Amino acid sequence: MDKRGVDELIARHFAGLPPMLQRAARYAVDNPKEIALNSMRAVAGSAGVQASAMHRLARQLGFDGYDAMRDVYRTWLAQGHATFADRASALQRGAGGNDAALIGELLQADARNLDRMNDPDILRALLTARDVLAKARHIYIVGLRSLFPAAFYLNYACGMFRQDTTLLAGMGGIFADELRGARKDDALVVFSYEPYARDTVAAVEYAREKGVRIVSVTDSAVSPVAVKATALIVVENATKSLFPSVVPALSVAQTLAALLVAHGGAASVREVRQSEAQLRQFSVYVTATKAT
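Under the UniProt record's numbering, the first residue of the sequence shown carries the number 1, and numbering increases by one thereafter.
This is how it looks when you write it as structure tokens:
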């Protein structure tokens, strides 16, 4: 049996399950990666049920026990079958015509994602990242596809108070060219979730070879962009939406920019002031006027 078969079993039996098993089943549908990676006790804790409920759910679905069910999810994850079509199908099944409930679940998921960023390991990693970036001769930033907003924001914000950042966007097909000048005293900030973009992984591998210090913002300690990272920031990105949540990555981008400004001294304030003056010269923003 594959993961799609398990999802179909859950859908078929869901209405007849006791409330506790329904909660466990809903968590399994919404968080397959967690099932694949974590123990029964850890998953039960996240789902808000007793560990025995996960075992009973597996038995109810025809498995010998939780481990047998988890093996299906592990195979799914290892084979890269977390397709966007699967996510879209799960989104439609979960919506059930109740958009207000769906909105609530999406907001609650991101609230939990952000709350987990208070973990001491993440806080330490953020401080390490700040130190790496503050000392870097040049900062390269990459985040492709759905994570481009996080990379763009960090580059844009840093551009207000320092002139030594490069966004690896690959416009015109020059992605590799943009990283050509990287060297040992530089840093690369990378935003990448599963499924990992090929160019992002290639950029990290090239940076490693050049001795560039890497700040990785990713979804797993074993992701291909996590290896040998000087600062590894592993975020939760669970959501029912079509793509894994970009909110935690954007939060990291905002936090890193804020930390750099906070410790940039008078020079950073001076650069921000000069940037504002230049924006005013170009009339970038609409000037507020009183209504008449």
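Quick reminder that beta carbons are idealized off the backbone N, C-alpha and C, glycines included.
Treat the numbers as computed from the prediction; the structure is a model and nothing was measured.
Sequence-distant residues of its chain with Cβ nearer than 8 Å to Ala221 (five each side left out):
In the sequence shown, residue 221 corresponds to position 221, counting from 1. So the list reads Leu232, Val234, once near-sequence residues are dropped.
Extent of the continuous beta strand (DSSP E) run through Val43:
For the purposes of this step, residue 43 is taken as residue 43 along the sequence shown, with counting starting at 1. That residue, Val43, is in no beta strand (DSSP E); its alpha helix (DSSP H) goes 40–47.
When the Cα atoms are used, what is the spatial distance from Met1 to Leu77?
Along the sequence shown, one-based indexing puts residue 1 at 1. Along the sequence shown, one-based indexing puts residue 77 at 77. Whole-angstrom Cα-Cα distance: 14 Å.
Looking at the strands, I want to know which residues DSSP matches up with Leu167.
Counted from its first residue, the sequence shown places residue 167 at position 167. DSSP, once it has assigned bridges, lists Ile141 as partnering Leu167.
Candidates Gln254, Thr218, Ala257, Thr230, of which the one nearest Ala238 by Cα:
Here residue 238 refers to the residue found at position 238 when the sequence shown is read from its first residue. Ranking the options by Cα distance to Ala238, first place goes to Thr218.
How should Thr289 be labelled, buried or exposed, when 16 other C-beta atoms within 10 angstroms of its C-beta is the threshold for buried?
As a working note, residue 289 is residue 289 in the sequence shown. Exposed.
DSSP on Thr255, reduced to helix/strand/coil?
Here residue 255 is taken as the residue at index 255 of the sequence shown, counted from 1. Thr255 falls in the helix class under three-state DSSP.
Per DSSP, the bridge partner or partners of Arg213
For the purposes of this step, residue 213 is identified with residue 213 of the sequence shown, where counting begins at 1. Beta-bridge pairing links Arg213 to Ala187.
Going along the chain, which unbroken runs of the alpha helix (DSSP H) with 4 or more residues stay wholly within the UniProt domain "HTH rpiR-type" (4–80)?
19–30, 32–37, 40–47, 51–60, 66–78
Cβ of Ala25 within 8 Å of Cβ of Ile10?
Sequence index remark: in the sequence shown, residue 25 carries index 25 (1-based). Sequence index remark: in the sequence shown, residue 10 carries index 10 (1-based). Yes, the Cβ-Cβ distance between Ala25 and Ile10 is below 8 Å.
My understanding is that Leu242 touches Ala88, with C-beta atoms under 8 Å, so please give their C-beta distance in whole angstroms.
Along the sequence shown, read from residue 1 onward, the residue named residue 242 stands at position 242. Along the sequence shown, read from residue 1 onward, the residue named residue 88 stands at position 88. Indeed they touch by this definition, with Cβ atoms about 6 Å apart.
For Ile122, which residues does DSSP report across the bridge?
In the sequence shown, residue 122 corresponds to position 122, counting from 1. Ile122 pairs with nothing; no bridge assigned.
Element boundaries [beta strand (DSSP E), containing Val234]
Indexing the sequence shown from 1 puts residue 234 at position 234. It spans 231–234 - the beta strand (DSSP E) in which Val234 sits, taken as one unbroken run.
Go ahead and label Asp67 buried or exposed: buried means 16 or more other beta carbons lie within 10 angstroms of its beta carbon, across all protein chains shown.
Here the question's residue 67 lines up with position 67 in the sequence shown. When all chains shown are included, Asp67 counts as exposed.
Report the rounded CA-to-CA distance for Val49 versus Ile139, giving the unit in angstroms.
Along the sequence shown, one-based indexing puts residue 49 at 49. Along the sequence shown, one-based indexing puts residue 139 at 139. The straight-line gap from Cα to Cα measures roughly 45 Å.
According to DSSP, simplified to helix, strand and coil, what is residue 310?
The structure shown does not extend to residue 310, since the chain is modelled only from 1 to 292, so the question has no answer here.
Does the region 101–121 come within contact of the region 161–174, defined as at least 3 CB pairs closer than 8 Å?
no
Would you give the residue range spanned by the alpha helix (DSSP H) that Asn237 belongs to?
Walking along the sequence shown from the start, residue 237 turns up at place 237. Run containing Asn237: none; DSSP gives neither H nor E here.
Rounded to a whole number of angstroms, what is the C-alpha to C-alpha distance between Ala109 and Pro248?
Residue 109 sits at position 109 when you count from the first residue of the sequence shown. Residue 248 sits at position 248 when you count from the first residue of the sequence shown. Answer to the nearest angstrom: the Cα atoms are 11 Å apart.
CB Ala203 to CB Val132, shorter than 8 Å?
On the sequence shown, position 203 is the one that residue 203 refers to. On the sequence shown, position 132 is the one that residue 132 refers to. No. Outside cutoff.
Excluding the 5 residues flanking Ala28 on each side, which residues of the same chain have their C-beta closer than 6 Å to its C-beta?
To locate residue 28, count along the sequence shown from 1; it is residue 28. Cβ neighbours of Ala28 beyond the five flanking positions: Ile35.
Report yes or no: do the region 143–153 and the region 261–278 share at least 3 C-beta pairs separated by less than 8 Å?
no
Are the beta-carbon atoms belonging to Val189 and Val225 less than 8 Å from one another?
As a working mapping, residue 189 is identified with position 189 in the sequence shown. As a working mapping, residue 225 is identified with position 225 in the sequence shown. No, Cβ-Cβ distance for Val189 and Val225 is not below 8 Å.
Candidates Glu194, Ala100, Met160: which alpha carbon is nearest Thr83's?
As a working mapping, residue 83 is identified with position 83 in the sequence shown. The residue with the shortest Cα to Cα distance from Thr83 is Glu194.
Just the Cα atoms here: how many angstroms apart are Leu144 and Gly16?
By one-based count along the sequence shown, residue 144 stands at place 144. By one-based count along the sequence shown, residue 16 stands at place 16. Roughly 43 Å separates the two Cα atoms.
Just to confirm the assignment, what range does the alpha helix (DSSP H) spanning Leu179 have?
One-based indexing of the sequence shown puts residue 179 at position 179. Unbroken run through Leu179: none, as it is neither H nor E.
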